[in-house]
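K.L.:
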Amino acid sequence: MTERLAIDGGQPVRAERLRAGFHGSSEIDASEVTAVTDVLKEKTLFRFIAEPRSRARWIEDWYCERLGRKYALAVSSGTSALISALMGVDAGPGDEVIIPAYTFVATAAAVIAAGAVPVLAEVDASLNLDPVDLERKITPYTVGVIPVHMRGVPARMDEILAVARRHKLWVVEDVAQSNGGSYRGKPLGTLGEVGCFSFQQYKVITSGEGGIVVTDDVLIHDRARMQHDAAARFWEESQSEPLYNFVISGENYRLSETAAALVWAQRERLGPILNQCRAVKARAVAGLAQVPGITLQDVPDPEGDCGITLTFFAPSAESAQRMAAALNAENIACGTVHDRTIPDRHIYNHWPFMMSGLAEDRRAPWKDPRYKGAVSGYSREQCPQSLDLLSRAIMIMIDQHFTLQDADLIVQAVDKVARHLLPQG
Ligand SMILES: *Cc1c(COP(=O)(O)O)cnc(C)c1O
48 MTERLAIDGG QPVRAERLRA GFHGSSEIDA SEVTAVTDVL KEKTLFRFIA EPRSRARWIE
108 DWYCERLGRK YALAVSSGTS ALISALMGVD AGPGDEVIIP AYTFVATAAA VIAAGAVPVL
168 AEVDASLNLD PVDLERKITP YTVGVIPVHM RGVPARMDEI LAVARRHKLW VVEDVAQSNG
228 GSYRGKPLGT LGEVGCFSFQ QYKVITSGEG GIVVTDDVLI HDRARMQHDA AARFWEESQS
288 EPLYNFVISG ENYRLSETAA ALVWAQRERL GPILNQCRAV KARAVAGLAQ VPGITLQDVP
348 DPEGDCGITL TFFAPSAESA QRMAAALNAE NIACGTVHDR TIPDRHIYNH WPFMMSGLAE
408 DRRAPWKDPR YKGAVSGYSR EQCPQSLDLL SRAIMIMIDQ HFTLQDADLI VQAVDKVARH
468 LLPQG
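Numbering (our numbering), first residue to last: 48 to 472.
This is how it looks when you write it as structure tokens:
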């Protein structure tokens, strides 16, 4: 232990700060510009005017083909994808839907928008839904579960699907953060009944805002389609012969043609971005396996990991914070996930419409007279296992501009910091 830590005035491992930026949007160049200006020149901004050259249709066809699913529905956001999917599986008032304690706030908001009660389950060392706690949280009112593949890492789908099948629950995958990932050879978004993606700017490929819903089930697709377009029925070719004897009033979640054109242009980016991130992560993970005192995130299928984050656990919340501060001083940008000082929207205890007690009774499905279950509110400490893991987790974001040499520097920095700050042996 000769080298001094940068935080104590030593030389930082990397001369300049290594910090990930945006994935898809940082690649925007002439191809996105052309894709959008083509739409503008054609003056077809709305998909049903653009038909048969609708970009929304093109990206739906691309998703069907890439994922091997029968139906895809382009929508205005990942959140509207989730709401459409929930309408698709007919989740509603009186129902409970299980979601992980660690996910973007929109997963919970979508359940509430559908009128159902979100039930929080713990995450495990994969930082995704814990299948054991999932099974514990099932009640007679549970209708489905939304596993979320957080930060590029696939959830433990074999176990989650086994629990879901045993209890006859539907599975809606939230793939917003893991577009392009897979689990045991199957693309994420094709393991459950429905897969929901987002094209918001923080996601791997982007149109600023946007999303897509994929499924093999025509009924789910059709219900989602009605939800995403209040006028859905009017566009149908044969209005005199409706497919079903019901209609959902729906809300308008259609994707604009300019946004769809951006996704269309970005489709070429997905593979190269993920290839580079995966190569960097694989190299760093191999090196970190030798570092004493830390535990790597348990990635259920490393081959399907998008590689956009690298996460490991310190022995305690306190040591994690000290390590993160020291790593930042070594010019490796990182953070702990749960830190009581930062209101992270990805952790349940910061979702105000559930936590604060300020929820309007009429907007709180758990207070709806049609709901007969036991959830009467939420508390900040109700998922202690998740809070413990998230407070010990140190996360480094990875983008496609990182090199293999950067991966080596990450390992060097973590090793240096761990040797100084963690009990060894
Ligand atoms: C971003 C995100 C969403 C919502 O997507 P938007 O396009 O922002 O509405 C849902 N779930 C997760 C896990 C997300 O990261």
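We put the beta carbon where it would ideally sit given N, CA and C, even for glycine.
Values in this document were obtained by computation on a predicted structure and should not be read as measured data.
Quick one: give me the first and last residue of the beta strand (DSSP E) that CYS353 is part of.
P.N.:
Position 306 of the sequence shown holds residue 353. No beta strand (DSSP E) holds CYS353; DSSP gives it neither H nor E.
K.L.:
State the CB to CB distance for the pair GLY236 and VAL218, rounded to an integer number of angstroms; the pair is presumed to be in contact (CB under 8 Å).
P.N.:
Here residue 236 refers to the residue found at position 189 of the sequence shown. Here residue 218 refers to the residue found at position 171 of the sequence shown. That belief does not hold up - the Cβ atoms of GLY236 and VAL218 are roughly 11 Å apart, past 8 Å.
K.L.:
Tell me whether TYR300 sits in a helix, a strand or coil according to DSSP, three-state version.
P.N.:
Stepping through the sequence shown from its first residue, residue 300 is reached at position 253. Here TYR300 sits in coil by DSSP.
K.L.:
Flag ALA271 as yes when its Cβ comes closer than 6 Å to any non-hydrogen atom of ligand 1, and as no otherwise.
P.N.:
Locating residue 271 in the sequence shown gives position 224, where the first residue counts as 1. No, the Cβ of ALA271 stays beyond 6 Å of every heavy atom of ligand 1.
K.L.:
Quick one: grab the DSSP three-state call for THR91.
P.N.:
In the sequence shown, counting from the first residue as 1, residue 91 sits at position 44. If DSSP states are grouped into helix, strand and coil, THR91 belongs with coil.
K.L.:
Are THR383 and ILE443 closer than 7 Å when you measure CB to CB?
P.N.:
Taking the first residue of the sequence shown as 1, we reach residue 383 at position 336. Taking the first residue of the sequence shown as 1, we reach residue 443 at position 396. Going by beta carbons, THR383 and ILE443 fall outside the 7 Å limit.
K.L.:
Where DSSP assigns a beta bridge to ASP455, which residues make up the other side?
P.N.:
For the purposes of this step, residue 455 is identified with residue 408 of the sequence shown, where counting begins at 1. DSSP, once it has assigned bridges, lists no residue as partnering ASP455.
K.L.:
Give me the Cβ distance between GLY135 and PRO412, rounded to the nearest whole Å; I'm assuming they're in contact under 8 Å.
P.N.:
Counted from its first residue, the sequence shown places residue 135 at position 88. Counted from its first residue, the sequence shown places residue 412 at position 365. The distance from the Cβ of GLY135 to that of PRO412 is about 18 Å, inconsistent with a contact at the 8 Å cut-off.
K.L.:
Buried or exposed for ARG234, please, with buried defined as at least 16 other CB atoms from any protein chain shown within 10 angstroms of its CB.
P.N.:
By 1-based counting over the sequence shown, the position of residue 234 is 187. Going by the sequence as given, residue 234 is Pro instead of Arg. Buried, by the Cβ-count rule.
K.L.:
Does ILE320 pass the burial test, meaning 16 or more other C-beta atoms within 10 Å, or should it be called exposed?
P.N.:
What you label residue 320 is simply residue 273 of the sequence shown in a count that begins at 1. Buried, since its Cβ has 16 or more Cβ neighbours within 10 Å.
K.L.:
When the Cα of GLU206 is compared with those of GLY199, LEU266, PRO194, PHE360, which residue comes out closest?
P.N.:
Position 159 of the sequence shown, counted from the first residue, corresponds to residue 206. Per the Cα distances, PRO194.
K.L.:
Quick check on the burial criterion: 16 or more other C-beta atoms within 10 angstroms. Buried or exposed for THR84?
P.N.:
The residue labelled residue 84 in the question sits at position 37 within the sequence shown. Exposed, because fewer than 16 other Cβ atoms sit within 10 Å of the Cβ of THR84.
K.L.:
Any chance you could list the alpha helix (DSSP H) runs of at least 4 consecutive residues sitting entirely within the segment 83-150, in chain order?
P.N.:
For the segment 83-150, whole alpha helix (DSSP H) runs of length 4 or above, ordered along the chain, are 94-97, 102-114, 125-135.
K.L.:
First and last residue of the alpha helix (DSSP H) that includes LEU167?
P.N.:
To locate residue 167, count along the sequence shown from 1; it is residue 120. Note, LEU167: premise wrong, no alpha helix (DSSP H); beta strand (DSSP E) at 164-168.
K.L.:
Compare the Cα-Cα distances from THR358 to each of ALA371, GLU365, ARG314, SER101 and report the closest residue.
P.N.:
Start at 1 with the first residue of the sequence shown, and residue 358 comes out as number 311. Closest option to THR358, Cα to Cα, is ALA371.
K.L.:
Could you give the residue range of the alpha helix (DSSP H) that holds ASP435?
P.N.:
Translated into the one-based positions of the sequence shown, residue 435 becomes position 388. Start and end: 431-439.
K.L.:
If you follow the beta strand (DSSP E) that SER245 is part of, which residue opens it and which one closes it?
P.N.:
Along the sequence shown, one-based indexing puts residue 245 at 198. For SER245, the enclosing beta strand (DSSP E) has its first and last residue at 241-245.
K.L.:
Mapping the DSSP letters down to three states, classify PHE360 as helix, strand or coil.
P.N.:
As a working mapping, residue 360 is identified with position 313 in the sequence shown. PHE360 falls in the strand class under three-state DSSP.
K.L.:
On a Cα-Cα basis, can you pick out the residue from VAL60, ALA53, GLY56, GLU79 that is closest to GLU315?
P.N.:
Counting from one through the sequence shown, the residue named residue 315 turns up at place 268. Of VAL60, ALA53, GLY56, GLU79, the residue nearest in Cα terms is GLU79.
K.L.:
Which residue or residues does DSSP assign as beta-bridge partners of MET370?
P.N.:
In the sequence shown, the residue the question calls residue 370 occupies position 323. BP columns for MET370 are empty, so no partner.
K.L.:
Measure the CB-CB distance between GLN313 and GLY71 and report whether it falls below 7 Å.
P.N.:
Position 266 of the sequence shown, counted from the start, is the residue given in the question as residue 313. Position 24 of the sequence shown, counted from the start, is the residue given in the question as residue 71. Contact: yes.
K.L.:
Assign GLU50 to one of two classes, buried (16 or more other C-beta atoms within 10 Å of its C-beta) or exposed (fewer than that).
P.N.:
On the sequence shown, residue 50 is found 3 positions in, with the first residue counted as 1. Exposed: under 16 other Cβ atoms inside 10 Å.
K.L.:
Could you give the distance in angstroms between the alpha-carbon of ILE145 and the alpha-carbon of GLY199?
P.N.:
Numbered from 1 along the sequence shown, position 98 holds the residue referred to as residue 145. Numbered from 1 along the sequence shown, position 152 holds the residue referred to as residue 199. Approximately 21 Å between the Cα atoms of the pair.
K.L.:
Quick one, are the C-beta atoms of PRO147 and ALA132 less than 7 Å apart?
P.N.:
Here residue 147 is taken as the residue at index 100 of the sequence shown, counted from 1. Here residue 132 is taken as the residue at index 85 of the sequence shown, counted from 1. Taking 7 Å as the cut-off, the beta carbon of PRO147 is found no closer than this to the beta carbon of ALA132.
K.L.:
With MET324 and ILE445 assumed to form a contact (beta carbons below 8 Å), what rounded beta-carbon distance in angstroms separates them?
P.N.:
Taking the sequence shown and counting its residues from 1, one reaches residue 324 at position 277. Taking the sequence shown and counting its residues from 1, one reaches residue 445 at position 398. Met is not the amino acid found at residue 324; the sequence shown has Cys there. Sure, about 5 Å apart at Cβ, within 8 Å.
K.L.:
I want to know whether the segment 291-303 touches the segment 149-158 - three or more CB-CB distances under 8 Å.
P.N.:
Verdict: no, contact absent.
K.L.:
From GLY141 to LYS414, what distance separates their C-alpha atoms?
P.N.:
Position 94 of the sequence shown holds residue 141. Position 367 of the sequence shown holds residue 414. The alpha-carbon atoms of GLY141 and LYS414 are separated by roughly 10 Å.
K.L.:
From what residue to what residue does the beta strand (DSSP E) around VAL261 run?
P.N.:
Taking the sequence shown and counting its residues from 1, the one referred to as residue 261 is at position 214. Note, VAL261: beta strand (DSSP E), 258-262.
K.L.:
At a threshold of 6 Å, does GLN313 count as lining ligand 1 (C-beta to nearest heavy atom)?
P.N.:
If you number the sequence shown from 1, residue 313 lands on position 266. For ligand 1, not one heavy atom lies less than 6 Å from the Cβ of GLN313.
K.L.:
Give a single yes or no on whether ALA138 has its beta carbon closer than 6 Å to a heavy atom of ligand 1.
P.N.:
Taking the first residue of the sequence shown as position 1, residue 138 is located at position 91. No - ligand 1 has no heavy atom lying nearer than 6 Å to the Cβ of ALA138.
K.L.:
Could you check if VAL294 is buried or exposed, using at least 16 other CB atoms within 10 Å of its CB as the buried criterion?
P.N.:
On the sequence shown, position 247 is the one that residue 294 refers to. Exposed, by the Cβ-count rule.
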